[in-house]
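Below is one structure, written out as structure tokens; the observations come after it.
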Amino acid sequence: MTVREQSILQAAGNTLRAADREIPILGRIDEPLILILKHVLSCAECDALIGLARDRMRRARTGRTRAVGDVRTGRGTFLEENENEWVRAIELRLASLMGVPAAHAEPLQILHYRPGEEYRPHLDYFTADQVANNRISTMIMYLNDVEEGGETAFPELRFAVAPKKGNAVYFEYFYRDPRLNELTLHAGAPVAAGEKWIATQWMRRQRYREL
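For the sequence shown, my numbering assigns the number 17 to the initial residue and increments by one for each residue that follows.
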């Protein structure tokens, strides 16, 4: 008999309760836990995050070395919790939704992709053995409707999530079974038409910053 691994986020039923709202669950995979969520952000919040980030965007970087390369094209920036009431409210909602204290969260990252830009298949957690305070879960929130392309694809699961303004995809990878963690390999498919804006929240196993 196979024993199911424990999840961080307890998702029973068709909705999740965040600090300030009910979040409908549109779809799910149980192992590893992947949830497609509706209306995690309001349209006004999506627009506000884009407005805060637009003039601060720089070429996106990857990994612990923060290197620029072909794996991740597009541009990005980070928003700190204490710089704006919009960001503060969103981070508190995400912490309650993801079941992890806000102090465990990395700063909210905003990313922008133009036609042809992408993020090739990758894992969000660090694979080096010496990383004590590793990432354990991710929430990707879509800040606009993409005309064509830009899906979040999980190639090992043959599963993809289409961008929809205000919606999000959540997944976790803290399992003891490394094969489950490896199934969270994912990619941001190339944008075929229009543009794509997303906000990403990563959670760490232990406290990451002082709030």
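We treat Cβ as the ideally placed atom computed from N, Cα and C, and that holds for glycine. In this text, all values refer to a predicted model and were calculated from it rather than measured experimentally.
Item                                                                                          : Value
Sub-8 Å separation of Ile41 and Leu51 beta-carbons                                            : yes
Proximity of Ala209 and Glu134 at Cβ, strictly below 8 Å                                      : no
Whole-angstrom distance between Gly132 and Phe187, CA atom to CA atom                         : 25 Å
Rounded straight-line distance, which links the Cα of Leu227 to that of Ile45                 : 33 Å
N-terminal and C-terminal residue of the beta strand (DSSP E) that Arg91 is part of           : 91 to 95
For Tyr191 and Leu199, the rounded distance between their alpha carbons                       : 11 Å
Cβ neighbour criterion (16 or more within 10 Å) applied to Pro179                             : buried
Length of the line joining the Cα atoms of Asn98 and Arg104                                   : 6 Å
Residue(s) in a DSSP beta bridge with Val207                                                  : Gly165
Distance, Leu127 Cα to Leu110 Cα                                                              : 18 Å
Inter-residue Cα distance where the pair is Arg130 and Ser112                                 : 32 Å
Alpha-carbon to alpha-carbon, Arg75 and Thr89                                                 : 7 Å
Cβ contact check for the region 18 to 29 and the region 156 to 174: 3 or more pairs under 8 Å : no
Cβ-Cβ distance between Leu201 and Pro137 below 8 Å                                            : yes
7 Å CB neighbourhood of Asn100 in its chain, flanking five on each side removed               : Leu68
Closest by C-alpha distance to Cys62, when choosing among Asn183, Ala144, Gln26, Leu108       : Asn183
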